[in-house]
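If you read the sequence shown in UniProt numbering, its first letter stands for residue 1, the second for the next number, and so on. Just so you know, even glycine gets a beta-carbon here, dropped at the ideal spot from N, CA and C.
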Amino acid sequence: MPVDSRPALATDLVLVADSVRSIFNIGSLMRLADALGASLVTTGFAPHPPHDELGLSQILPDHRPSWEQQAIATKLQKTALSGYQPLLRSERQSYFSELSAAINWLRAADYTIVGVELMPEAIDYREYAWPKRVALILGHEIAGLEGVEDDLIEQFVALPMLGDGGSLNVAQAAAAIGYAYLGKHG
């Protein structure tokens, strides 16, 4: 597979939202990425801005009807608030139809691929020795990273769940882990 020709991300921390379905969660992740000085990559069926706003029109045509693109952009702008335009202007946001393509692109740019998931082999995020360049893979709100090939992820980290619910909103989990990363490299 040829290496993707899109421009490199200019940040050491990348949030990767794999098929996160909620437009509100994606908007929150956009706002968080801006607050962290990070980049955001969406994959799969995750809502994302029009490809021309992402600078992808030449390499990945946007087949969504223009009215749908505009409706999604409007909702993302409303949820992301001040985080929407800075990500787009600074080329800190991108989209891939497949998670594996995004991971290959990030690996080629020397990012360590870290999955966020509650699983027995995951390390507590507070105990992980955070490398400088990290791509945090965040999964679907219900299925998480279920179905993602283990060889795509170099390390799994998790947040401890002390209550009975056993889960946390994807944007909240990303915030906790993102700020832990900044505590080491910010």
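By the Cβ-count criterion, residue 149 is exposed, with fewer than 16 other Cβ atoms from all chains shown falling within 10 Å of its own Cβ. By the neighbour-count definition (other C-beta atoms within 10 Å, threshold 16), residue 125 is a buried residue. In the three-state DSSP reduction, residue 80 falls in the helix class (H, G or I). Counting only the Cα atoms, residue 77 lies some 6 Å from residue 84. Taking C-alpha positions only, residue 167 is separated from residue 113 by approximately 22 Å. The stretch 142 to 162 makes contact with the stretch 102 to 120, as at least three CB pairs between them are under 8 Å. Between residue 29 and residue 20, the alpha-carbon positions lie close to 10 Å from each other.
Under the three-state reduction of DSSP, residue 66 is assigned to helix. The three-state secondary structure of residue 176, taken from DSSP, is helix.
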